[in-house]
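Q: One structure, as structure tokens, below. Some questions next.
There are 2 protein chains.
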Amino acid sequence: MSRPGESSREPDGRRAKTALFDEFARLAQALANGRRLEIVDVLANGERTVERLAAETGLSVANASQHLQVLREVGLVRRRRDGTRIYYELRDAEVFDMWRNLRNVAAQHRAEISQLAEAYLGARDSLEPVTRADLLRRLKRGEDVVLLDVRPTEEFTAGHLPAAISIPLAELRRRLRELPRDKEVVAYCRGPYCAFAHKAVRILQQAGFHARRLEDGLPEWRAAGLPVIAMGERRS
Amino acid sequence: MSRPGESSREPDGRRAKTALFDEFARLAQALANGRRLEIVDVLANGERTVERLAAETGLSVANASQHLQVLREVGLVRRRRDGTRIYYELRDAEVFDMWRNLRNVAAQHRAEISQLAEAYLGARDSLEPVTRADLLRRLKRGEDVVLLDVRPTEEFTAGHLPAAISIPLAELRRRLRELPRDKEVVAYCRGPYCAFAHKAVRILQQAGFHARRLEDGLPEWRAAGLPVIAMGERRS
DNA sequence: CTAATATTCAAGTAATCGATTAAAGACTTG
DNA sequence: CAAGTCTTTAATCGATTACTTGAATATTAG
Chain A
1 MSRPGESSRE PDGRRAKTAL FDEFARLAQA LANGRRLEIV DVLANGERTV ERLAAETGLS
61 VANASQHLQV LREVGLVRRR RDGTRIYYEL RDAEVFDMWR NLRNVAAQHR AEISQLAEAY
121 LGARDSLEPV TRADLLRRLK RGEDVVLLDV RPTEEFTAGH LPAAISIPLA ELRRRLRELP
181 RDKEVVAYCR GPYCAFAHKA VRILQQAGFH ARRLEDGLPE WRAAGLPVIA MGERRS
Chain B
237 MSRPGESSRE PDGRRAKTAL FDEFARLAQA LANGRRLEIV DVLANGERTV ERLAAETGLS
297 VANASQHLQV LREVGLVRRR RDGTRIYYEL RDAEVFDMWR NLRNVAAQHR AEISQLAEAY
357 LGARDSLEPV TRADLLRRLK RGEDVVLLDV RPTEEFTAGH LPAAISIPLA ELRRRLRELP
417 RDKEVVAYCR GPYCAFAHKA VRILQQAGFH ARRLEDGLPE WRAAGLPVIA MGERRS
């Protein structure tokens, strides 16, 4: 039935199985690069043009584009054209799940990760972050909490937590007076490995505010099926 | 603050972020090999010795061992020693989730996968497979269904669906008389990319039985939190 | 046509990867 | 402790692949 040279049983089955699993491996291969994972992490917050993506990740435009092609070939991202720009976004929610899954497994089992995370995000939180469940409970009870979105304005516009106010991290220092000193301020950003909220909490605490960080960011909130508010998008 | 040669803002932050995401990428890298994914897929069904794993995947023992070290270094598997053998198993349920997530995303977005899956598992199912929900509904109603586990006996012993009977695929042809002809036979094995159940259904249908395949296997059943029956394990 | 944005190409460097073989380790048993 | 079983490690080879950069090319808008 199969070619005569093969000695083991099921030679064709073996070959077919190998090909199939190699194909699965191609998907993992596309994720097996730190720069591409950074791109995925940014895209989890919404679509981006190549240029912006390049700026946010510190890559050259050409380089970012190449990485995007790798992600696109395996179906992790898709794109749409708008005039001369091209916007990329994650293919669907499952792609984000996969990234979250990957980083959770990594964080749980690898000491290196927590060290590197600490090096990047700053010393271990002086205060425990607020969990999503916590926050929901407190909001429902009507407790005095101010939710602060410290991401760039565009991202806030594209989608934010209900009742959140927007002060991009870069403007935080000079807009401190907009925040109340008698309530707790809960800051959030793009996710657990985004530095914005960490930095914001440090600034606020130094300025004497009662501030904490939400344990993770907008993408996780959305993935949990919680409501997200978007304002009229897609500037001309 | 940071070294003088760096021109861009946040030079240390960049470096730290790069290191962090590179570390995440190492985990994906460990999954980016077809042979290692085959190993993960087998281990999802329970622990295995190196020798057995090698036999089941068609690798040399040394080669299998090397792949296992790669998986172990990133924390995807762990091992225990029993006398002269070493048993490997997946670190925890999240690892299996990740593998399932990976293969789902791959299957959804890549035409290559379905072609290769068909080449390996045989022509597209003549009958739709039975879903887990379907099966549960029918069992609850007390409908006449025979659940057939076609994996090797050891795996059945280590854990199987409630009320399932065990006939390893290799013995199926000569044990056909143990199966009833007036009930539907639902066969299952290690998962959606395991060929056993596909082959079993083909054998049974040819022999005139009313047979279908469960859409996925024991690991998915267990991951769904459904009950699994284990018989006194760990032979001396 | 020009400007703006994105992709592709070519090139170079480096690095990695995977399989095999043989030797070494670890443990058990007699 | 010597022999036997199972597993890991080291060395090697071949080949391939991966990533970045800079220049050239597409694509679209105006």
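The listed protein sequences correspond, in order, to chains A and B.
For what it's worth, our numbering labels the leading residue of the first sequence as 1, then goes sequentially.
For what it's worth, our numbering labels the leading residue of the second sequence as 237, then goes sequentially.
Glycine residues also receive a C-beta, built at the ideal position from the N, C-alpha and C atoms.
If you follow the beta strand (DSSP E) that Asp216(A) is part of, which residue opens it and which one closes it?
A: Locating residue 216(A) in the first sequence gives position 216, where the first residue counts as 1. Note, Asp216(A): premise wrong, no beta strand (DSSP E); not H, not E.
Q: Indicate whether Ala290(B) and Ala394(B) have their beta-carbon atoms separated by less than 8 angstroms.
A: Counting from one through the second sequence, the residue named residue 290(B) turns up at place 54. Counting from one through the second sequence, the residue named residue 394(B) turns up at place 158. No, Cβ-Cβ distance for Ala290(B) and Ala394(B) is not below 8 angstroms.
Q: Using the C-alpha atoms, what's the distance from Tyr120(A) back to Asp41(A)?
A: As a working mapping, residue 41(A) is identified with position 41 in the first sequence. As a working mapping, residue 120(A) is identified with position 120 in the first sequence. The straight-line gap from Cα to Cα measures roughly 15 angstroms.
Q: Rounded to whole angstroms, what's the CA-CA distance from Val331(B) to Glu220(A)? Just pull it up for me.
A: For the purposes of this step, residue 331(B) is taken as the residue at position 95 of the second sequence. For the purposes of this step, residue 220(A) is taken as the residue at position 220 of the first sequence. In a straight line, the C-alpha of Val331(B) is about 20 angstroms away from that of Glu220(A).
Q: Quick one: what's got a C-beta closer than 8 angstroms to Glu215(A)'s C-beta in the same chain, skipping five residues either side?
A: To locate residue 215(A), count along the first sequence from 1; it is residue 215. The beta carbon of Glu215(A) is closer than 8 angstroms to those of Pro129, Val130, Thr131, Arg132, Pro192 in its chain, skipping five residues each way along the sequence.
Q: Taking 8 angstroms as the CB-CB limit, is His210(A) close to chain B?
A: Here residue 210(A) is taken as the residue at index 210 of the first sequence, counted from 1. No, His210(A) does not count as interfacial toward chain B.
Q: Mapping the DSSP letters down to three states, classify Arg245(B) as helix, strand or coil.
A: Position 9 of the second sequence holds residue 245(B). Model confidence at Arg245(B) stands at a pLDDT of 44, short of 50, so the residue's coordinates are unreliable and nothing is read from them.
Q: Are the segment 261-280 of chain B and the segment 20-33 of chain A touching, with three or more C-beta to C-beta distances below 8 angstroms?
A: yes
Q: Taking a contact to mean a Cβ-Cβ separation below 8 angstroms, would you say Ala107(A) touches Ala223(A) in this structure?
A: As a first step, residue 107(A) must be located in the first sequence, where it is residue number 107. As a first step, residue 223(A) must be located in the first sequence, where it is residue number 223. Not a contact, by the Cβ cut-off of 8 angstroms.
Q: Need the endpoints of the alpha helix (DSSP H) that Val40(A) sits in, please.
A: Translated into positions along the first sequence, residue 40(A) becomes position 40. Looking at the DSSP string, the run of the alpha helix (DSSP H) that includes Val40(A) is 34-43.
Q: Once you ignore the five residues that flank Arg235(A) on each side, which residues in its own chain have a CB closer than 7 angstroms to its CB?
A: In the first sequence, residue 235(A) corresponds to position 235, counting from 1. Residue placement at Arg235(A) cannot be trusted, given a pLDDT of 38 that sits under 50; the coordinates are not used to answer.
Q: Give me the DSSP bridge partner(s) of Arg316(B).
A: Taking the first residue of the second sequence as 1, we reach residue 316(B) at position 80. Answer is Tyr323(B), bridged to Arg316(B).
Q: Can you tell me whether Leu384(B) is helix, strand or coil according to DSSP?
A: Your numbering for residue 384(B) matches position 148 in the second sequence. Strand at Leu384(B).
Q: Counting only Cβ-Cβ distances shorter than 7 angstroms, please list the residues of the segment 434-458 of chain B near chain A, keeping chain order.
A: none
Q: Is the shortest distance between the beta-carbon of Arg250(B) and the beta-carbons of chain A less than 8 angstroms?
A: The residue given as residue 250(B) occupies position 14 in the second sequence. So yes, Arg250(B) belongs to the interface.
Q: So is Ser238(B) in contact with chain A if we call contact Cβ pairs under 8 angstroms?
A: Within the second sequence, numbered from 1, the residue matching residue 238(B) stands at position 2. Note that Ser238(B) scores 36 on pLDDT, short of 50, meaning its location in the model is unreliable and no value can be drawn from it.
Q: Using 8 angstroms for Cβ pairs, my map puts Tyr188(A) next to Ala197(A). What's the rounded Cβ distance?
A: Counting from 1 along the first sequence, the entry for residue 188(A) is found at position 188. Counting from 1 along the first sequence, the entry for residue 197(A) is found at position 197. Sure, about 5 angstroms apart at Cβ, within 8 angstroms.
Q: What does Glu292(B) touch in chain A if you count any residue whose Cβ is under 7 angstroms from its own?
A: Taking the second sequence and counting its residues from 1, the one referred to as residue 292(B) is at position 56. Going along chain A, no residue has its Cβ under 7 angstroms from Glu292(B), so there is no contact; the nearest lies around 11 angstroms.
Q: Less than 8 angstroms between the beta carbons of Arg411(B) and Phe445(B), yes or no?
A: Stepping through the second sequence from its first residue, residue 411(B) is reached at position 175. Stepping through the second sequence from its first residue, residue 445(B) is reached at position 209. No, they are not a contact pair.
Q: Could you check if Asn237(A) is buried or exposed, using at least 16 other CB atoms within 10 Å of its CB as the buried criterion?
A: What is shown of chain A runs 1 to 236, which leaves residue 237(A) out entirely.
Q: Three-state secondary structure (DSSP) at Arg339(B)?
A: Here residue 339(B) refers to the residue found at position 103 of the second sequence. Arg339(B) carries a helical assignment under DSSP once its states are collapsed to helix, strand and coil.
Q: What residue range does the beta strand (DSSP E) around Ala163(A) cover?
A: Here residue 163(A) refers to the residue found at position 163 of the first sequence. Where Ala163(A) is concerned, there is no enclosing beta strand (DSSP E), given that its DSSP letter is neither H nor E.
Q: Within this structure, are the beta carbons of Leu273(B) and Phe21(A) separated by less than 8 angstroms?
A: Against the second sequence, residue 273(B) aligns to sequence position 37. Against the first sequence, residue 21(A) aligns to sequence position 21. Result yes, Cβ atoms of Leu273(B) and Phe21(A) sit closer than 8 angstroms.
Q: Spell out whether any CB of chain B is found under 8 angstroms from the CB atom of Phe21(A).
A: Here residue 21(A) refers to the residue found at position 21 of the first sequence. Output row for Phe21(A): interface = yes.
Q: Which residues in the same chain have their Cβ closer than 8 angstroms to the Cβ of Val61(A), if we skip the five residues on either side of it in sequence?
A: Residue mapping note: residue 61(A) aligns to position 61 of the first sequence, counting from 1. Closer than 8 angstroms at the Cβ level, and outside the excluded window around Val61(A), lie Val50, Glu51, Ala54.
Q: Got a sec: is the Cβ-Cβ distance from Met242(A) to anything in chain B below 8 angstroms?
A: A question about residue 242(A) goes unanswered here, because the residues of chain A that appear run from 1 up to 236.
Q: Can you have a look at Pro162(A) and say buried or exposed, based on whether 16 or more other CB atoms are within 10 angstroms of its CB?
A: Reading the first sequence from its first residue, position 162 is the one you call residue 162(A). Exposed.
Q: Since Val186(A) is in the alpha helix (DSSP H), which residue starts that stretch and which ends it?
A: To locate residue 186(A), count along the first sequence from 1; it is residue 186. First-last for Val186(A): 184-188, but that is the beta strand (DSSP E), not the alpha helix (DSSP H).
Q: So, is Thr153(A) buried or exposed, given that buried needs 16 or more other C-beta atoms within 10 angstroms?
A: Here residue 153(A) is taken as the residue at index 153 of the first sequence, counted from 1. Looking at its Cβ environment, which holds fewer than 16 other Cβ atoms inside 10 Å, Thr153(A) is exposed.
Q: For chain A, find out if any of its Cβ atoms is closer than 8 angstroms to the Cβ of Phe432(B); answer yes or no.
A: Walking along the second sequence from the start, residue 432(B) turns up at place 196. So, not an interface residue.
Q: Please determine, among Asp97(A), Leu59(A), Ala16(A), the residue with the shortest C-alpha to C-alpha distance to Arg250(B).
A: Here residue 250(B) corresponds to residue number 14 of the second sequence, with the count starting at 1. Cα-wise, what sits closest to Arg250(B) is Leu59(A).
Q: Can you list the residues of chain A that His345(B) reaches, using a CB-CB cut of under 8 angstroms?
A: Translated into positions along the second sequence, residue 345(B) becomes position 109. For His345(B), the chain A residues whose C-beta falls within less than 8 angstroms of its own C-beta are Val74, Gly75, Leu76, Arg91, listed in chain order.
Q: Could you give the DSSP three-state label for Val366(B): helix, strand or coil?
A: Here residue 366(B) refers to the residue found at position 130 when the second sequence is read from its first residue. Strand.
Q: Whose Cβ in chain B lies nearer than 9 angstroms to the Cβ of Gly191(A)?
A: Here residue 191(A) refers to the residue found at position 191 when the first sequence is read from its first residue. Per Cβ cutoff of 9 angstroms: no residues; Gly191(A) is ~12 angstroms from chain B at best.
Q: Go through its chain and collect everything with a Cβ distance to Arg374(B)'s Cβ below 7 angstroms, but skip five positions before and after it.
A: Reading the second sequence from its first residue, position 138 is the one you call residue 374(B). Take Arg374(B), set aside five residues on each side of it, and the residues of its chain with a beta-carbon closer than 7 angstroms to its own are Val381, in chain order.
Q: Let me make sure I understand the geometry here. Which of Leu405(B), Arg317(B), Ile401(B), Val310(B) has the alpha-carbon closest to that of Ala111(A)?
A: Taking the first residue of the first sequence as 1, we reach residue 111(A) at position 111. Nearest C-alpha to Ala111(A): Val310(B).
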